[in-house]
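Here the structure comes first, spelled out in C-alpha cells, and everything after it is commentary.
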C-alpha cells in the first residue's frame, strides 16, 4: 500500500512555479530551482528529476534534497560527489519530525546505505529515499520507536555488507538488500524497494 502511493507521487509534475531560497549556506548547499509546490506529488516529481539529472551527468554525482511533505516544500538542496553528499547543517534546520524526508541519488545504484540509516536514526527526519539511475527507489522510514536492540542490528548489518562490498559489486547490491530486509524490521524501521535488479 505504501509503495503504491509512492509510485503515484513520482509521476511527472505539471507545476511551473519557480522560486529561489536565499540564505547563508555551506559550500555544497544550493538554491532550489523551485521551493514550494501545490501537491506532494509535484514535490516528489521535482525531487526525482533533480536526483536523476545528477545521476545521468557525464560524471554522476549525488544530489540531495530535504523536503517537508506536509507543507509541500523544499527545505534545502545539496550537491555531492560520486560517493557521498555531506549535509553539515542538518541538525540546525527547523524540521518537522513526522513529515521531513531526505531524497537523494545513488550513482553506484546501491539500495539504501548504512550512512543513510544512521542519518535517519540520528536526525529529526522521518524517511530517507534513494534513487538509482533508472529512477527506481529504495527507502527506509521510521514507524514508531526504535527497538532496544537496534544498534546491535545496525552494527551487524554494517559488518556483513562491508565485507561483501569488497567481493563483487552486483552481489553486494543484492546482499545489501537482503540485509536491509532482514535487519531493518528488527530495528523498528521500515524498508521498501522497487529496484528491479533485486527481483
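Residue numbers (our numbering): 841 to 1039.
We treat Cβ as the ideally placed atom computed from N, Cα and C, and that holds for glycine.
Between residue i and residue j, what straight-line distance do the alpha-carbon atoms span, to the nearest angstrom?
i: residue 880; j: residue 942; result: 14 Å
i: residue 905; j: residue 959; result: 14 Å
i: residue 902; j: residue 895; result: 7 Å
i: residue 900; j: residue 1014; result: 22 Å
i: residue 1069; j: residue 1018; result: Any property of residue 1069 remains undetermined from this structure, which presents the chain solely from 841 to 1039.
i: residue 932; j: residue 948; result: 29 Å
i: residue 989; j: residue 1027; result: 7 Å
i: residue 911; j: residue 922; result: 30 Å
i: residue 997; j: residue 885; result: 31 Å
i: residue 938; j: residue 1022; result: 25 Å
i: residue 952; j: residue 1001; result: 12 Å
i: residue 928; j: residue 868; result: 9 Å
i: residue 1029; j: residue 889; result: 27 Å
i: residue 893; j: residue 982; result: 28 Å
i: residue 897; j: residue 987; result: 40 Å
i: residue 861; j: residue 887; result: Per-residue confidence for residue 861 stands at a pLDDT of 39, beneath the threshold of 50, marking its modelled position as unreliable; the derived number appears in the next sentence. Answer to the nearest angstrom: the Cα atoms are 15 Å apart.
i: residue 940; j: residue 1010; result: 31 Å
i: residue 909; j: residue 999; result: 33 Å
i: residue 871; j: residue 924; result: 19 Å
i: residue 891; j: residue 1025; result: 27 Å
i: residue 980; j: residue 967; result: 6 Å
i: residue 863; j: residue 907; result: Bear in mind that a pLDDT of 43 at residue 863, under 50, signals an unreliable position, so the model cannot answer this.
Go ahead and label residue i buried or exposed: buried means 16 or more other beta carbons lie within 10 angstroms of its beta carbon, across all protein chains shown.
i: residue 978; result: buried
i: residue 1036; result: exposed
i: residue 962; result: exposed
i: residue 1033; result: buried
i: residue 955; result: exposed
i: residue 985; result: exposed
i: residue 917; result: buried
i: residue 974; result: exposed
i: residue 873; result: exposed
i: residue 878; result: exposed
Checking the sheet assignment: what are the DSSP bridge partners for residue i?
i: residue 979; result: 969 and 1032
i: residue 869; result: 918
i: residue 876; result: 913
Contact defined as beta carbons within less than 8 Å: I believe residue i pairs with residue j. What is the distance between those atoms, to the nearest angstrom?
i: residue 935; j: residue 969; result: Rounded, the Cβ-Cβ distance is 16 Å, inconsistent with contact.
i: residue 875; j: residue 914; result: 5 Å
i: residue 1031; j: residue 1020; result: 5 Å
i: residue 946; j: residue 972; result: 6 Å
i: residue 950; j: residue 1016; result: 6 Å
i: residue 930; j: residue 957; result: The pair is not a contact, with the Cβ atoms about 15 Å apart (cut-off 8 Å).
Flag residue i as yes when its Cβ comes closer than 7 Å to any non-hydrogen atom of the ligand MG, and as no otherwise.
i: residue 930; result: Absent from the structure shown: the ligand MG. Ligands present: none.
Within the region 890-947, ranges of the beta strand (DSSP E) (whole runs, at least 3 residues): For the region 890-947, whole beta strand (DSSP E) runs of length 3 or above, ordered along the chain, are 903-908, 913-919 and 940-945.
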